[in-house]
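Numbering (my numbering), first residue to last: 314 to 562.
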């Protein structure tokens, strides 16, 4: 009984931390390049919803659902959610970068999720976390649409989070650079950074090979998301920034 309770607490923390982290990265990029908001309103809305969900207290049903996802053999293998448990043990004042890097190493070394696994995860989460999602305007009839979106974007998202600059994962590099600007990224302060992202992010955070590679991948796979962003990126980072990428998968 005690071990089950601990698992629930860990899964709740992992879920909220992961959602907040992804929102932080995305909103920080939009702060630097607001032109993207003009061309990707659905993506901006999704980021806002994720940030809102991350700030909520999760119900027992939702926590149990996330625990089930984390322990499901197929989902656990391709999503490596168990690797995020070290975030909990690190304490609220410790930097999240090392545990995130550990998770990404595990995630990128594992086989990709199949469409069937992604569909099962979406079905389970939308059912088990229906209370939380209903507060964000989600209804059960949207499940099939959400599944299709997840299956469409997952391959590209996986490519982006697994990009490397040399031997360093690009997300790890970007977080490290971002941390040098805002201070230590911890469990206790990332939610506030999502709500109040810094207005001036230096080019050593945004105009890197990693960001360039991410742009290149997204522009190739889902050009509608970054259509119109090239002029802003070129103005900020140079005319060659939207050209060939240099990072590896």
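Don't be surprised by glycine CBs; every beta carbon is placed ideally from N, CA and C. Since the model is a prediction, treat every value here as computed from it, not as a measurement.
- Within the same chain, Cβ atoms closer than 8 Å to the Cβ of residue 436 are found at 456, 460, the five residues on either side in sequence being excluded.
- If only complete runs of 4 or more residues are kept, the segment 414-457 shows the alpha helix (DSSP H) at 428-441, 443-447, in order along the chain.
- Residue 391 is a Cβ neighbour of residue 423, given a cutoff of 9 Å.
- When rounded, the separation of the alpha-carbon atoms in residue 388 and residue 490 is 31 Å.
- The three-state reading of DSSP puts residue 478 in strand, counting E and B together.
- Between the alpha carbons of residue 483 and residue 433 lies a distance of about 29 Å.
- Put simply, the segment 531-540 does not touch the segment 506-519. Fewer than three CB pairs are less than 8 Å apart.
- Across the set 467, 454, 503, the C-alpha of 503 shows the shortest separation from the C-alpha of residue 406.
- In this structure, the beta-carbon distance from residue 476 to residue 542 does not fall below 9 Å.
- Looking only at 378, 393, 379, 383, the smallest Cα-Cα distance to residue 471 is reached by 393.
- Distance between residue 532 and residue 462, taken at the CA atoms: about 17 Å.
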